[in-house]
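**Student:**
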Amino acid sequence: MNKMNKKKRAIPLLLLLIILLIPFGFSYASFQSKQTANQGADEFVSRLQAVMKGSAAFKLSELTPVDWDHAYIFHPYTTKSEMERIVGTSWTTSSSFIGYLLDRTFLGAYPLDDDSLNKLVFTKNGKVVLDVTLNRSIADFTTLKEIRRDKELLLGTGTEGANVVGSKP
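First residue of the sequence shown? That's 1484 in my numbering, and the numbers climb one at a time after it.
(1) Does DSSP put Phe1527 in a helix, a strand or coil?
(2) Under the DSSP definition of a beta bridge, which residues are partnered with Asp1598?
(3) Nearest-angstrom Cα distance between Phe1624 and Asp1525?
(4) Please state the DSSP three-state secondary structure of Asp1550.
(5) For Leu1595 and Phe1527, which I take to be in contact (beta-carbon distance under 8 Å), what is that distance rounded to the nearest angstrom?
(6) Name the DSSP bridge partner or partners of Asn1618?
(7) In the DSSP assignment, the alpha helix (DSSP H) including Asp1586 goes from what residue to what residue?
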């Protein structure tokens, strides 16, 4: 009779465990589908820093090590949910599931929570291929419209060595 009671108690516990694990399973699947490798982000920043030291105009497409068809520029204080609405998809650059879960909370809701930050997001066929958060001291894209979808956007440095990026005619 003791064995029978243990089995009767084990079944509800097993069902409870399964019920609790199902949301984590769906969440992990969501993480896998939204994960962006973000390969080339460091290379892009290095190329951008190098070109910002000069005064010649440059095309944004010349700096990116990945193929893309749309670029989005986000100004300081843009929320993650607003970025996802504008881009039309959700994504994460987090390399871990725990990091992804934290990003989905209030901790990740404001990735541009400072005046000194702007973000470039590049997509290919509706999927994010590169997400770069830049300090405005490297390149300040706030003089441009918040959203650009021009692969051949011609840019240049500001006057007197300032790291201001603006359209060149």
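Ideal Cβ placement from N, Cα and C applies to all residues, glycine included.
**Tutor:** Answer, in terms of the structure:
(1) Working through the sequence shown from its first residue, we reach residue 1527 at position 44. Helix, per DSSP.
(2) Taking the first residue of the sequence shown as position 1, residue 1598 is located at position 115. None, per the DSSP bridge assignment.
(3) Locating residue 1624 in the sequence shown gives position 141, counting from the first residue. Locating residue 1525 in the sequence shown gives position 42, counting from the first residue. Phe1624 and Asp1525: Cα-Cα distance of roughly 18 Å.
(4) Here residue 1550 is taken as the residue at index 67 of the sequence shown, counted from 1. The answer is coil: DSSP assigns Asp1550 none of H, G, I, E or B.
(5) In the sequence shown, residue 1595 corresponds to position 112, counting from 1. In the sequence shown, residue 1527 corresponds to position 44, counting from 1. Going by Cβ atoms, the distance from Leu1595 to Phe1527 rounds to 17 Å, so no, they are not a contact pair.
(6) Here residue 1618 corresponds to residue number 135 of the sequence shown, with the count starting at 1. Note: Asn1618 sits in a beta bridge opposite Leu1600.
(7) Taking the sequence shown and counting its residues from 1, the one referred to as residue 1586 is at position 103. Segment 1580-1586, the alpha helix (DSSP H) holding Asp1586.
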